Amino acid sequence: MDISKIINDKKLTEIEEKVLKYILDNIDNVIELGVRGIAKNNFTSTSTIMRLSKKMGYTGFIDMQYNLMSLAKRTSLKYDEDNEFIKKSANGIFMQYNSKKQIEEFVDILMEHSHKFLFIYATGFSGIIAEYVYKKLLVLGKKCIISSGTDSVGVFENNLDDIMCMIIISKSGETKLVLDKVKTAKENSIKVVSFTNEDDNSVSKLADISFKIEDINKLDDRNIMPNTFFPNLIMLVEFLIYNYHKRLNKD
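With UniProt numbering, letter number 160 in the sequence shown gets 160, and the count goes up by one each step, no holes.
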């Protein structure tokens, strides 16, 4: 749990931050544990707990516990509501072209504990989405490399032995630079996950897991016309991350 917004400018010590995080992580049990139990479990003194209460602006331990519980419950409720929105929205948009099996296979990749990298590749407007996917996976603790058509071919070919999976984003699924990377990946037994439009295309045919997003302007290579392809692609990524967290919580 990120406690930085709760701490704000309270100037807590390292042990006080640790105790605060412990309280939030065990919010349902803190009353039973009491000041002494919390202090013991964090190898500190009861005075540290009382000092933390005062620094956080509360009258004492009970006041802090009550207010933090209320805050934690509101945060948990909002998280559940957000997840429900993602699930309902994504189910309606994407399951016409994609299957639960594909989603589970992608989650399997994210769940795999490997020293190897996820290699993310895209060109043009797709590169903007690739950057988003890259940062999203990084904050999940996944090892990633991102590359585009402007990078040297060596970024990919010099790291083949260290790549577990290639993630390709290509609206048309026919861009030569992208297709060349996919072919090289397949030749080197690297698993390929693609995100393309809903029609059969060269990239999706070669991919091990092929996700499809409807593209209502397939001939609009310059992305001039309004199109939901890219925003829906981001929504699909969030849906996949939702399923990843769902698996984590289940396990």
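Every residue gets a Cβ at the ideal spot worked out from N, C-alpha and C, and that includes glycine.
Remember, predicted model here, so these are calculated numbers, not experimental data.
Just checking my contact of residue i with residue j at CB under 8 Å: how many whole Å lie between their CB atoms?
| i | j | result |
| --- | --- | --- |
| residue 178 | residue 206 | With a Cβ gap of about 10 Å, residue 178 and residue 206 do not count as contacting. |
| residue 213 | residue 233 | 5 Å |
| residue 277 | residue 49 | In the structure as shown, the chain begins at 1 and stops at 251. Residue 277 is therefore absent and cannot be evaluated. |
| residue 185 | residue 148 | Actually they are not in contact, since the Cβ atoms of residue 185 and residue 148 sit about 16 Å apart, beyond 8 Å. |
| residue 129 | residue 211 | The Cβ separation is near 12 Å, so there is no contact. |
| residue 165 | residue 191 | 5 Å |
Looking at residue j and residue i, is the spacing between their C-beta atoms short of 8 Å?
| i | j | result |
| --- | --- | --- |
| residue 194 | residue 170 | yes |
| residue 133 | residue 167 | yes |
| residue 163 | residue 119 | yes |
| residue 17 | residue 55 | no |
| residue 223 | residue 215 | no |
| residue 23 | residue 38 | yes |
| residue 110 | residue 244 | yes |
| residue 60 | residue 53 | yes |
| residue 209 | residue 94 | no |
| residue 65 | residue 31 | yes |
| residue 35 | residue 44 | no |
| residue 198 | residue 58 | no |
Looking only at DSSP bridge pairs, what is residue i linked to?
| i | result |
| --- | --- |
| residue 191 | 165 |
| residue 147 | 121 |
| residue 212 | 196 |
Reducing DSSP to helix, strand and coil, say where residue i ends up.
| i | result |
| --- | --- |
| residue 185 | helix |
| residue 54 | helix |
| residue 171 | coil |
| residue 4 | helix |
| residue 239 | helix |
| residue 29 | coil |
| residue 323 | Because the chain in this structure spans residues 1 to 251, residue 323 falls outside the shown range and cannot be described. |
| residue 13 | coil |
| residue 224 | coil |
| residue 153 | coil |
| residue 96 | coil |
| residue 142 | coil |
| residue 43 | coil |
| residue 37 | helix |
| residue 60 | coil |
| residue 159 | coil |
| residue 218 | coil |
| residue 207 | coil |
| residue 249 | helix |
| residue 201 | coil |
Which one of the options has the shortest CA to CA distance from residue i?
| i | options | result |
| --- | --- | --- |
| residue 252 | 65, 69 and 145 | Any question about residue 252 goes unanswered here, given that the chain covers just 1 to 251. |
| residue 200 | 247, 223, 17 and 172 | 172 |
| residue 296 | 237, 242 and 8 | Residue 296 cannot be examined here, being either before or after the span of the chain that is shown, 1 to 251. |
| residue 202 | 221, 217 and 175 | 175 |
| residue 248 | 135, 108, 12 and 192 | 108 |
| residue 143 | 152, 151, 113 and 126 | 113 |
| residue 187 | 7, 157, 40 and 235 | 157 |
| residue 12 | 51, 25, 29 and 150 | 51 |
| residue 150 | 159, 137, 127 and 160 | 127 |
| residue 19 | 9, 8 and 40 | 40 |
| residue 153 | 180, 220, 137 and 221 | 180 |
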